[in-house]
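Asker:
2 protein chains.
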Amino acid sequence: MSRRGLSRASVISAAGDLADSDGLEHLTLARLAAELGVRSPSLYNHVDGLGDVRAGVAASALREVHAAVLSAVAGRSGEEAVRAAAGAYRRYALDHPGRYAAMQRPPADGSEQAAPADELVQLFARLLEPWQLSEEDTIHAIRALRSAIHGFVELERLGGFGIDLSTGRSYDRLMQILIAGFGPVPAAAGSGTRGP
Amino acid sequence: MSRRGLSRASVISAAGDLADSDGLEHLTLARLAAELGVRSPSLYNHVDGLGDVRAGVAASALREVHAAVLSAVAGRSGEEAVRAAAGAYRRYALDHPGRYAAMQRPPADGSEQAAPADELVQLFARLLEPWQLSEEDTIHAIRALRSAIHGFVELERLGGFGIDLSTGRSYDRLMQILIAGFGPVPAAAGSGTRGP
DNA sequence: GTCTCCAACCTAATCTCATTAGTAAGGAGC
DNA sequence: GCTCCTTACTAATGAGATTAGGTTGGAGAC
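Here it is, written out as structure tokens:
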């Protein structure tokens, strides 16, 4: 009948909204189609099935997280930058639980998610440059940082912290411990992550 | 027809095996029933639907993790005990990916999972006793420990560590940083986690 | 202005799965 | 041997994904 203004991007975006509001596990093509005022087979003109929708949401979320973290570390360096990055990451997960959940599915090899995921890791790697760690230590440090951030955010998102004590403060403490564990920053920190 | 020796426990156990081998997302009543040589409606004599199966797998996995960690810390205390606990936890997740994944679903309030989950947290709390932290600091420390362990294990399980560098060593480093961050152990550590 | 063509929508049909209702039989206790 | 409960069954319903094939609005060619 009438032409909707659907596109892959708009379908993925609507799917992300649905995942955030109803939970990723309730994201179905049927609901998505209803939301878009269309019958579910029609979605196949824009995406390649439910798996593709989820992959698209994941890739888009990864790009958004990357952008949020990048924006948060602008004009900051060293410990301050790491804290800002961690904070932005957590904020995204809290604000977009469904999209964050989609990010966690293992990406198919060479998938749409692989590139933005790599970029995000590279960004964290750059934040650690001031510490001037060896190549191997840098890898260990990034893994530690990613693990702590991801684990905390995931436990918080899934309601794993039962006790009524500020989770924000717990997060700060965790970051403080990790950063301290990376050792002292050798030289005086410059301004900006890399900048002009 | 002939009586199978099915019970809730055997169904949940078979479900756990299926989740470990094929992935939690491929655990269906249809496959489970086929595995057990039975038609899927017959499973309802032992469990209350797919949701109940997943909850049962989660609760059983939590009990197994608890047992594994408990066994690992026997006769150990302080830093050594924390390392052993973290190691046992990781080992379980690597050996039983489907069961571990099932554990991560948010438990319904007052569900079968709640008790073993609490016990596991309490166990970690006890491991931190030698540090004699304040009540609040203990909570922050447990959250840090849980976050780091869970995050690392989850990233490793989902294949998030692309680079070819020992993940075991990364894990050791992470634990070392965290433990150091808890501060020095005040008194001489006793033997055992608690008792004689 | 009319024609052509294709992308974007549709309906119909199939398949897998979960779940409920109602039926039959094995075997334990009497 | 009889009774009854448990456990398995078949049948049926309904949700959802996906494929096949038809229809049409409207953009661009002429």
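Same order as they appear, the protein sequences are chains A and B.
Per the numbering used here: the first sequence ends with 209, consecutive numbering throughout.
Per the numbering used here: the second sequence ends with 209, consecutive numbering throughout.
Cβ coordinates follow ideal geometry from the N, Cα and C atoms, glycine included.
The structure presented is a predicted model; accordingly, all values stated were derived computationally and were not measured.
#1: Indicate the three-state DSSP secondary structure (helix, strand or coil) for PHE137/A in the structure shown.
#2: Please report the straight-line C-alpha distance between LEU83/A and ALA101/A, rounded to a whole angstrom.
#3: In whole angstroms, give me the CA-to-CA distance for THR180/B and ARG159/A.
#4: For LEU40/A and ARG52/A, what's the separation of their Cα atoms in angstroms?
#5: Taking a contact to mean a Cβ-Cβ separation below 8 Å, would you say LEU75/B touches PRO129/B in this structure?
#6: Assign LEU107/B to one of two classes, buried (16 or more other C-beta atoms within 10 Å of its C-beta) or exposed (fewer than that).
#7: Hey, could you find the ends of the alpha helix (DSSP H) HIS153/B is sitting in?
#8: Which of the three DSSP states, helix, strand or coil, is assigned to HIS109/A?
#9: Quick check: what's the CA-CA separation for ASP131/B versus PRO119/A?
#10: With burial defined as no fewer than 16 other Cβ atoms inside 10 Å of the residue's Cβ, what is the status of SER204/B: buried or exposed?
#11: When the cut-off is 8 Å and only beta carbons count, does PHE174/A lie next to chain B?
#12: Does GLU125/B have its Cβ less than 8 Å from a Cβ in chain A?
#13: Among PRO54/A, GLY50/A, ALA47/A, ALA72/A, which has the Cα closest to the Cα of ILE25/A?
#14: From the beta carbon of PHE137/A, is the nearest beta carbon of chain B less than 8 Å away?
#15: Measuring alpha carbon to alpha carbon, tell me which of PRO199/A, SER20/A, ILE162/A, ALA94/A ends up nearest ARG139/A.
#16: Let me know the secondary structure DSSP gives HIS79/A once reduced to three states.
#17: Out of curiosity, what's the CA-to-CA distance linking SER20/A and ALA99/A?
#18: Could you name the residues of chain A that GLU132/B contacts, counting a contact when the two beta carbons are closer than 9 Å?
#19: Let's see if you can read the secondary structure: which residues bound the alpha helix (DSSP H) around TYR184/B?
#20: Quick check: ARG156/A and ASP33/A, are their CB atoms within less than 8 Å of each other?
#21: I'd like the list of long-range same chain contacts for MET188/B, defined as Cβ closer than 6 Å, with 5 residues on each side in sequence excluded.
#22: Since SER183/A and HIS153/B are thought to touch, with beta carbons under 8 Å apart, how far apart are those beta carbons, to the nearest angstrom?
#23: Is ILE176/B buried or exposed, if buried means 16 or more other CB atoms sit within 10 Å of its CB?
#24: Whole-angstrom Cβ separation of GLY194/A and ALA193/B, contact assumed at under 8 Å?
Answerer: In short, the structure shows the following:
#1: In this structure, PHE137/A counts as helix in the three-state DSSP scheme.
#2: 9 Å
#3: 13 Å
#4: Rounded to the nearest whole angstrom, the C-alpha separation of LEU40/A and ARG52/A is 15 Å.
#5: yes
#6: exposed
#7: 148-170
#8: coil
#9: 29 Å
#10: Because SER204/B carries a pLDDT of 44, less than 50, the predicted location of this residue cannot be relied on, and no value is offered for it.
#11: Among the residues facing chain B, PHE174/A is included, as its CB has a counterpart in that chain under 8 Å away.
#12: no
#13: Ranking the options by Cα distance to ILE25/A, first place goes to ALA72/A.
#14: Interface flag for PHE137/A against chain B is unset, since no Cβ pair is found closer than 8 Å.
#15: ALA94/A
#16: helix
#17: 33 Å
#18: Those within 9 Å of GLU132/B in chain A number zero; the least Cβ separation is about 13 Å.
#19: 180-194
#20: no
#21: ARG96, ALA99
#22: 5 Å
#23: exposed
#24: 6 Å
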